[in-house]
Amino acid sequence: MSHTITAYINYWINKRTKYSIHSPFVYKLITSGLQQPVDKNKLIKFKRYRRNLVNSKDVISVENLDTDSQVLNTTPKPVKKITGINGNSQAKAKLIFNLSDYFKFNSILVLGSSLGINTLIFKTALPQARITTIESCKNTLAFTRKKLKKANINNIEFIHGTVDEHLLPLLDTQTFDVIYTSKQHTETETLNYFNTIKPLVQNDTLLIFDDIHRSQDMTKIWNKIISDSCVSVSIDLFYLGLVFFKKELSKQHFRL
Numbered sequence: 133m134s135h136t137i138t139a140y141i142n143y144w145i146n147k148r149t150k151y152s153i154h155s156p157f158v159y160k161l162i163t164s165g166l167q168q169p170v171d172k173n174k175l176i177k178f179k180r181y182r183r184n185l186v187n188s189k190d191v192i193s194v195e196n197l198d199t200d201s202q203v204l205n206t207t208p209k210p211v212k213k214i215t216g217i218n219g220n221s222q223a224k225a226k227l228i229f230n231l232s233d234y235f236k237f238n239s240i241l242v243l244g245s246s247l248g249i250n251t252l253i254f255k256t257a258l259p260q261a262r263i264t265t266i267e268s269c270k271n272t273l274a275f276t277r278k279k280l281k282k283a284n285i286n287n288i289e290f291i292h293g294t295v296d297e298h299l300l301p302l303l304d305t306q307t308f309d310v311i312y313t314s315k316q317h318t319e320t321e322t323l324n325y326f327n328t329i330k331p332l333v334q335n336d337t338l339l340i341f342d343d344i345h346r347s348q349d350m351t352k353i354w355n356k357i358i359s360d361s362c363v364s365v366s367i368d369l370f371y372l373g374l375v376f377f378k379k380e381l382s383k384q385h386f387r388l
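Under the working numbering, the first residue of the sequence shown is numbered 133, with each subsequent residue one higher.
See below:
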């Protein structure tokens with residue numbers, strides 16, 4: 133049995149309902165946020181964009197970088213295959229829509245643009261929000277910029293380069309309400325990003341980690357992150373992991 137299936141069974145056995153939650157902060161997040169219906173038109177836009185990627189015949193020459201972020205070579209990858217690996221399910225998209233509608237993020241940082249699905253969800257939910265997204269492959273970035281523009285998703289700050297290059301300078305000069313780490317990053321990279329972010333976040337910053345149960349190592353990294361003393365409340369939504377730094381909240385972990 134795969135780790136993801138085992139983790140899913142364990143998640144369902146141990147998940148809690150709103151009736152067993154004694155944290156007012158988390159209870160309100162559930163009832164006024166996560167359990168709310170998502171606007172049908174927003175879901176249609178997400179599904180249309182994703183369907184176009186799944187049906188695409190385009191091929192991207194994806195750059196392979198060395199440890200110094202220099203391009204070693206390129207690997208041709210069909211867009212439909214990249215979408216299958218990195219693309220969001222509707223269940224995950226609904227969670228991001230609900231979180232966006234509930235918290236009303238003004239500034240959003242997406243670590244790993246890939247094909248722009250997460251960026252589209254955030255911008256569709258919050259058209260006025262400032263969104264910055266980082267992508268290491270210039271060919272992927274060019275493709276994504278074009279696709280998002282065609283989907284009428286505009287006013288996005290695209291940064292070409294690695295997260296290692298740009299994360300610290302961004303956090304030194306800007307604040308973000310939410311930082312989204314996509315699943316295209318390795319387990320080690322994810323932990324390194326967390327360690328870079330945690331000394332510089334604001335009290336109300338939310339970190340969202342994508343696909344926290346995709347592997348045994350990733351689940352270990354997730355458990356290491358939520359045990360950090362800087363983290364107050366952490367929430368396992370199976371598809372996503374939420375990390376809060378609110379000093380006014382006592383340290384608790386929830387599976388919802």
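For every residue, glycine included, the Cβ atom is placed at its ideal position computed from N, Cα and C. Predicted, not measured: the structure shown is a model, and the values here were computed from it.
Just to confirm, are residue 299 and residue 328 a CB contact at a threshold of 8 Å? For the purposes of this step, residue 299 is identified with residue 167 of the sequence shown, where counting begins at 1. For the purposes of this step, residue 328 is identified with residue 196 of the sequence shown, where counting begins at 1. The answer is yes: Cβ separation under 8 Å.
Looking only at its own chain, which residues have a Cβ that is under 6 Å from the Cβ of residue 222, when we skip the five neighbours before and after it? Here the question's residue 222 lines up with position 90 in the sequence shown. Taken in chain order, the list of residues that qualify is empty.
Report yes if the C-beta distance between residue 252 and residue 283 is below 8 Å; otherwise report no. If you number the sequence shown from 1, residue 252 lands on position 120. If you number the sequence shown from 1, residue 283 lands on position 151. Their beta carbons are under 8 Å apart, which means residue 252 touches residue 283 by this criterion.
Take every Cβ of the stretch 323–343, pair it with every Cβ of the stretch 185–194, and state whether three or more of those distances are shorter than 8 Å. No contact exists between the stretch 323–343 and the stretch 185–194.
With a Cβ-Cβ cutoff of 8 Å, do residue 212 and residue 185 count as a contact? To locate residue 212, count along the sequence shown from 1; it is residue 80. To locate residue 185, count along the sequence shown from 1; it is residue 53. Taking C-beta atoms as the reference points, residue 212 and residue 185 count as a pair closer than 8 Å.
Residue ranges of each alpha helix (DSSP H) run of no fewer than 4 residues wholly in the stretch 277–354, ordered along the chain? Counting only runs of 4 or more, we get 295–305, 319–329.
Count the C-beta pairs between the stretch 260–267 and the stretch 167–175 that are closer than 8 Å, then say yes if the count reaches three, no if not. Because the criterion of three Cβ pairs below 8 Å is not met, the stretch 260–267 and the stretch 167–175 do not touch.
With a threshold of 16 other CB atoms inside 10 Å of the CB of residue 138, please say whether the residue is buried or exposed. Here residue 138 refers to the residue found at position 6 when the sequence shown is read from its first residue. By the neighbour-count criterion, in which 16 or more other beta carbons inside 10 Å mark a residue as buried, residue 138 falls on the exposed side.
Using three-state DSSP, classify residue 180 as helix, strand or coil. Along the sequence shown, one-based indexing puts residue 180 at 48. Note: residue 180 maps to helix in three-state DSSP.
In whole angstroms, give me the CA-to-CA distance for residue 314 and residue 161. Against the sequence shown, residue 314 aligns to sequence position 182. Against the sequence shown, residue 161 aligns to sequence position 29. Straight-line spacing of the CA atoms in residue 314 and residue 161 works out to 22 Å.
Complete beta strand (DSSP E) runs within the stretch 209–285 (minimum length 3 residues, chain order): With a minimum length of 3 residues, the continuous beta strand (DSSP E) runs that stay inside the stretch 209–285 are 239–243, 262–267.
Residue from 215, 225, 230 whose Cα sits closest to the Cα of residue 166: Locating residue 166 in the sequence shown gives position 34, where the first residue counts as 1. Its Cα nearest to that of residue 166, the residue 230 stands out among 215, 225, 230.
Does the distance from the CB of residue 309 to the CB of residue 337 come in under 8 Å? Along the sequence shown, one-based indexing puts residue 309 at 177. Along the sequence shown, one-based indexing puts residue 337 at 205. The criterion of a C-beta distance shorter than 8 Å is satisfied by residue 309 and residue 337.
Give every residue of the same chain whose Cβ lies closer than 6 Å to the Cβ of residue 365, excluding the five residues on either side of it in the sequence, and list them in chain order. To locate residue 365, count along the sequence shown from 1; it is residue 233. For residue 365, the CB contacts under 6 Å within the same chain, skipping 5 residues up- and downstream, are 376, 381, 384 in chain order.
Can residue 312 and residue 242 be called in contact, C-beta distance under 8 Å? Residue numbering aside, residue 312 sits at position 180 when the sequence shown is read from its first letter. Residue numbering aside, residue 242 sits at position 110 when the sequence shown is read from its first letter. The Cβ atoms of residue 312 and residue 242 lie closer than 8 Å to each other.
Of the listed residues 254, 226, 304, nearest to residue 239 (C-alpha basis): As a position in the sequence shown, residue 239 is number 107, starting the count at 1. Selected option, being the one with the closest Cα: 254.
Alpha helix (DSSP H) containing residue 161: first to last residue? Numbered from 1 along the sequence shown, position 29 holds the residue referred to as residue 161. Its alpha helix (DSSP H) spans residues 156–161.
When burial is assigned at 16 or more other CB atoms within 10 Å of the CB, is residue 244 buried or exposed? Reading the sequence shown from its first residue, position 112 is the one you call residue 244. Classification for residue 244: buried.
Use the C-beta contact count for residue 278: other C-beta atoms within 10 angstroms, 16 or more gives buried, fewer gives exposed. On the sequence shown, position 146 is the one that residue 278 refers to. Per the 10 Å Cβ criterion, exposed.
Can you list, in chain order, the residues of its chain with a C-beta nearer than 6 Å to that of residue 326? Leave out the 5 residues immediately preceding and following it. Walking along the sequence shown from the start, residue 326 turns up at place 194. The beta carbon of residue 326 is closer than 6 Å to those of 357 in its chain, skipping five residues each way along the sequence.
Mind checking whether residue 225 and residue 178 have CB atoms under 8 Å apart? The residue given as residue 225 occupies position 93 in the sequence shown. The residue given as residue 178 occupies position 46 in the sequence shown. It is a contact, given that the beta carbons lie within the stated cut-off.
By DSSP's criteria, residue 366 is part of a beta bridge. Which residues make up the other side? The count along the sequence shown starts at 1 and reaches residue 366 at position 234. Per the DSSP secondary-structure output, residue 366 pairs in a beta bridge with 375, 385.
Pick helix, strand or coil for residue 153, following the three-state DSSP scheme. One-based indexing of the sequence shown puts residue 153 at position 21. Annotated three-state conformation of residue 153 is coil, per DSSP.
Could you tell me the alpha carbon to alpha carbon distance between residue 350 and residue 321, rounded to whole angstroms? In the sequence shown, the residue the question calls residue 350 occupies position 218. In the sequence shown, the residue the question calls residue 321 occupies position 189. Residue 350 and residue 321 have their C-alpha atoms roughly 11 Å apart.
Coil, strand or helix - residue 394 by DSSP: Because the chain here runs from 133 to 388, residue 394 falls outside it and cannot be looked at.
Going straight from the alpha carbon of residue 293 to that of residue 276, what length do you get? Residue numbering aside, residue 293 sits at position 161 when the sequence shown is read from its first letter. Residue numbering aside, residue 276 sits at position 144 when the sequence shown is read from its first letter. The alpha-carbon atoms of residue 293 and residue 276 are separated by roughly 15 Å.
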